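Trainee:
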Amino acid sequence: MASAAFEEIVEDFEFLEDWEDRYRHVIEQGKAMEPLADALKVPATKVDGCASQVWLHPVIQDGKFHFDGESDALIVRGLISVLRSLYNGLTLPEVLAVDARAELERLGLNEHLSAQRSNGLRAMIERIRETAAAQL
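Structure below.
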């Protein structure tokens, strides 16, 4: 159920066998994202449960889910980019149907993130799912 953009990340990860190279790749993806406007970094968009500062700004347009995000931590910014690849452009029912845990396992992220980062990633996924469910 993964998007073409997410499948590209999976392919990149298959090519990058060393975890440190994969880690750098995730960070580079985060650096390539447009920064979130300061006006959108408000309590309503802040994600609780993350060790770093994280904001997610969802937009549903023409029945499709999209979000932008920002974090003060480079790796978390990269994780936001990965999640954007996973979810952006999906319909709301498709967002809810994504098994994010299984998709992210394809990248081997679970075994290489600290407990705090894993908790933060789960919090971001939960916020995405809650947002989609509230719009149905």
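The C-terminal residue of the sequence shown carries number 1302 in the working numbering, and the numbering is unbroken. C-beta: ideal position from N, C-alpha, C; glycine also. The structure presented is a predicted model; accordingly, all values stated were derived computationally and were not measured.
To the nearest angstrom, how far is the alpha carbon of Gly1274 from that of His1191?
Mentor: Distance between the alpha carbons of Gly1274 and His1191 is about 13 Å.
Trainee: By how many angstroms is the C-alpha of Asn1276 removed from the C-alpha of Ser1284?
Mentor: Taking the straight line joining both Cα atoms gives about 7 Å.
Trainee: Identify which residue in Ser1247, Asp1184, Val1213 and Pro1224 has its Cα closest to the Cα of Glu1200.
Mentor: Selected option, being the one with the closest Cα: Ser1247.
Trainee: Look at the alpha carbon of Leu1182 and the alpha carbon of Tyr1189, and state the distance between them as a whole number of angstroms.
Mentor: Cα to Cα, Leu1182 sits roughly 10 Å from Tyr1189.
Trainee: Glu1296: which of Val1242, Lys1207, Gln1282 and Pro1224 sits nearest, CA to CA?
Mentor: That would be Pro1224, whose Cα lies nearest to the Cα of Glu1296.
Trainee: Under 6 Å Cβ to Cβ from Arg1243, same chain only, skipping five residues before and after it: list those, please.
Mentor: Closer than 6 Å at the Cβ level, and outside the excluded window around Arg1243, lie Gly1196 and Ser1237.
Trainee: Throw me the rounded Cβ distance for the Val1213 and Leu1222 pair, which I believe falls under 8 Å.
Mentor: Contact flag correct, Cβ pair sits at about 6 Å.
Trainee: Assuming Pro1224 is part of the beta strand (DSSP E), what are its boundary residues?
Mentor: Taken as a continuous stretch (DSSP letters only), the beta strand (DSSP E) holding Pro1224 covers Val1220 to Gln1227.
Trainee: Note the first and the last residue of the continuous alpha helix (DSSP H) segment covering His1191.
Mentor: Counting along the chain, the alpha helix (DSSP H) containing His1191 begins and ends at Trp1185 to Ala1198.
Trainee: With distances taken Cα to Cα, identify the nearest neighbour of Asp1184 among Thr1257, Arg1250, Phe1231 and His1278.
Mentor: Nearest C-alpha to Asp1184: His1278.
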